[in-house]
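Written out below as structure tokens is the structure these notes cover.
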Amino acid sequence: MIAFISDLHSNLEALDAALQDIAVQKPDSIVCLGDIVGYGANPREVILKTREVSQIVLLGNHDAALLDDRDAAGFNERALRAIDWTRVTLDAEREENWPLWDWLGSLVPSMEMRLGAGEMVHLVHASPRHPLAEYLMPNFGPDHERVAGSFACARQRLTFYGHTHHPGWFVEGEAFQRAVDNDAVLQLDPGRRYLINVGSVGQPRDGDPRLCYALFDGARVLWRRIPYDHQSASRRILEAGLPSSLAERLLVGR
Ligand code: ZN
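Residue numbers (this note's numbering): 11 to 264.
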């Protein structure tokens, strides 16, 4: 069994609560689909912990924007401010921070992996066609150009992704199905192809402020929704001087 975490966004309270729940589930490994930083107030702690617990970590668009300004093209004002704040906080002039920058710089946004003795799966941050930054929004129909393009570029039957912060799945030929509630389950049909969004640990956007992550055992995907101290995470964003809307959205999950 694999636990997929994604879009942690420097939210230490959420990551800690997710890891506590993951410890109870006892997966064989933890895979992070990127966006370790951005938006939240604890980049250093979240980077260190993610690096320590995960077998695989992908690069997200916010991680890429931290490394290189050119990847911040298209970011809105508050996302840009958070990246600038993170860059100052993880001061690259200080030798103690060099290993963090080296590690972030070693990450890639797309990878394939085999689950135990089972099938290969494709892992991306955003989409199979543009692994770093293309949005596969939940309101896209099955014929949407980006959905069709994703299935065309998917290297395996199953693709796991993050980026939109909306948990759920596309099965080829059908509209997105949202994974709502704790313990929402997708029983995989062995004859069909899927794009599976694991949700966001650090900044859920589907109207539910509880953190989200997903468990995959080869036959089914199960989404966990876990309450955490989002008020404290929100307060820390304000104390750090980050845009207040970033604090407010954690309270409502938008
Ligand atoms: Zn994200």
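The C-beta atom is built at its ideal place from N, Cα and C for all residues, glycine as well.
- Contact between the segment 62–69 and the segment 93–101 is absent: fewer than 3 CB-CB pairs across the two stretches fall below 8 Å.
- Inter-residue distance for Arg-139 and Ala-75 is about 19 Å (C-alpha atoms, whole angstroms).
- CA-to-CA, the gap between Ser-210 and Pro-177 works out to about 7 Å.
- Contact between Tyr-171 and Ala-194 does not hold, since the beta-carbon distance rounds to 17 Å and is not under 8 Å.
- No heavy atom of the ligand ZN is found nearer than 8 Å to the CB of Asn-86.
- CA-to-CA, the gap between Pro-253 and Ser-244 works out to about 11 Å.
- The beta carbon of Asp-227 sits closer than 7 Å to those of Met-11, all from its chain and outside the five residues before and after it, given in chain order.
- Residue Val-134 holds the alpha-carbon nearest to the alpha-carbon of His-173 among Phe-161, Trp-113, Val-134 and Leu-248.
- No heavy atom of the ligand ZN is found nearer than 8 Å to the CB of Asp-81.
- Distances between the C-beta of Gly-70 and the heavy atoms of the ligand ZN include at least one below 8 Å.
- Gly-44 counts as buried, since at least 16 other C-beta atoms from the protein chains shown sit within 10 angstroms of its C-beta.
- Each of Asp-17 and Asp-45 has a C-beta closer than 5 Å to some heavy atom of the ligand ZN; these make up the full list, in chain order.
- The alpha-carbon separation between Leu-196 and Val-231 amounts to approximately 5 Å.
- For Thr-169 and Leu-125, the gap between their C-alpha atoms comes out near 13 Å.
- Looking at the backbone, the Cα of Glu-103 and that of Trp-111 are separated by about 11 Å.
- Put simply, the backbone Cα of Arg-54 is about 13 Å away from that of Glu-23.
- Spanning the alpha carbons of Tyr-238 and Asp-79 requires a straight line of approximately 32 Å.
- Excluding residues up to 5 positions away in sequence, Pro-177, Gly-178 and Trp-233 lie with their Cβ nearer than 6 Å to the Cβ of Ala-189 in the same chain.
- Take the alpha-carbon of Leu-29 and the one of Leu-18: they are about 12 Å apart.
- Beta-bridge analysis with DSSP links Trp-233 to Ala-194 and Ala-224.
- A residue is called buried when at least 16 other Cβ atoms come within 10 angstroms of its Cβ; Arg-202 does not meet this threshold and is exposed.
- Counted as a single uninterrupted DSSP element, the stretch harbouring Ala-28 is not any beta strand (DSSP E) but the alpha helix (DSSP H) occupying residues 22–35.
- Under the rule that a run must span 4 or more residues, the alpha helix (DSSP H) segments found entirely inside the segment 154–203 read 155–163.
- From the listed residues Asp-38, Leu-25, Pro-214 and Ile-236, the smallest Cα separation to His-175 is found for Pro-214.
- In the three-state reduction of the DSSP assignment, Glu-106 falls in the helix class, which pools H, G and I.
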